Amino acid sequence: MNNKAISDHQKIVNLLIEHGADVNLADKSGMTPLQHATSCGYREMADTLTDAGGK
(Lines of atoms letter the chains of each structure in order from A and count residues from 1; the text may use other names and numbers.)
(Lines give C-alpha, C1' and ligand atoms only; values in the text may rest on other atoms or scores of the structure.)
Protein backbone atom coordinates (compact mmCIF):
# COMPACT_ATOMS: atom_id res chain seq x y z
CA MET A 1 0.00 0.00 0.00
CA ASN A 2 2.92 2.38 0.60
CA ASN A 3 3.59 2.80 -3.11
CA LYS A 4 -0.01 3.85 -3.65
CA ALA A 5 0.08 6.27 -0.73
CA ILE A 6 3.26 7.83 -2.06
CA SER A 7 1.79 8.41 -5.50
CA ASP A 8 -1.62 9.54 -4.17
CA HIS A 9 -3.85 6.89 -5.77
CA GLN A 10 -6.88 7.56 -3.60
CA LYS A 11 -9.31 5.21 -5.37
CA ILE A 12 -6.89 2.28 -5.26
CA VAL A 13 -6.14 2.81 -1.58
CA ASN A 14 -9.87 2.98 -0.82
CA LEU A 15 -10.35 -0.33 -2.62
CA LEU A 16 -7.45 -1.93 -0.73
CA ILE A 17 -8.88 -0.73 2.59
CA GLU A 18 -12.34 -2.05 1.68
CA HIS A 19 -10.78 -5.46 1.06
CA GLY A 20 -8.94 -5.55 4.38
CA ALA A 21 -5.45 -4.33 3.53
CA ASP A 22 -3.22 -3.66 6.54
CA VAL A 23 -2.98 0.15 6.67
CA ASN A 24 -0.12 -0.05 9.16
CA LEU A 25 2.16 -2.36 7.20
CA ALA A 26 5.52 -0.60 7.16
CA ASP A 27 7.93 -0.68 4.25
CA LYS A 28 11.54 -1.85 4.57
CA SER A 29 12.57 1.56 5.91
CA GLY A 30 9.93 1.32 8.66
CA MET A 31 7.53 3.95 7.29
CA THR A 32 3.79 3.31 7.26
CA PRO A 33 1.46 4.42 4.46
CA LEU A 34 0.20 7.25 6.69
CA GLN A 35 3.74 8.48 7.27
CA HIS A 36 4.41 8.44 3.53
CA ALA A 37 1.17 10.26 2.71
CA THR A 38 1.84 12.89 5.37
CA SER A 39 5.43 13.46 4.29
CA CYS A 40 4.28 13.95 0.68
CA GLY A 41 1.51 16.36 1.65
CA TYR A 42 -1.37 14.12 0.56
CA ARG A 43 -3.93 15.40 3.06
CA GLU A 44 -6.95 13.48 1.73
CA MET A 45 -4.92 10.27 1.64
CA ALA A 46 -3.67 10.89 5.18
CA ASP A 47 -7.25 11.45 6.38
CA THR A 48 -8.41 8.23 4.68
CA LEU A 49 -5.60 6.22 6.25
CA THR A 50 -6.21 7.77 9.68
CA ASP A 51 -9.93 6.98 9.45
CA ALA A 52 -8.99 3.38 8.61
CA GLY A 53 -6.79 3.09 11.71
CA GLY A 54 -3.48 4.19 10.23
CA LYS A 55 -0.68 5.17 12.59
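Each residue of the sequence shown is one higher than the one before, counting from 16 in the working numbering.
Glycine included, each C-beta is placed from N, C-alpha and C at the ideal position.
All of these numbers come straight from a predicted model, not from anything done at the bench.
Query: Spatial distance of residue 47 from residue 62 (CA atoms); Result: 14 Å
Query: 8 Å CB neighbourhood of residue 65 in its chain, flanking five on each side removed; Result: 49
Query: Pair within 8 Å by beta-carbon distance, residue 69 and residue 28; Result: no
Query: Residue range of the alpha helix (DSSP H) that includes residue 53; Result: 48 to 55
Query: Terminal residues of the alpha helix (DSSP H) in which residue 40 lies; Result: Element bounds for residue 40: n/a, residue is neither H nor E.
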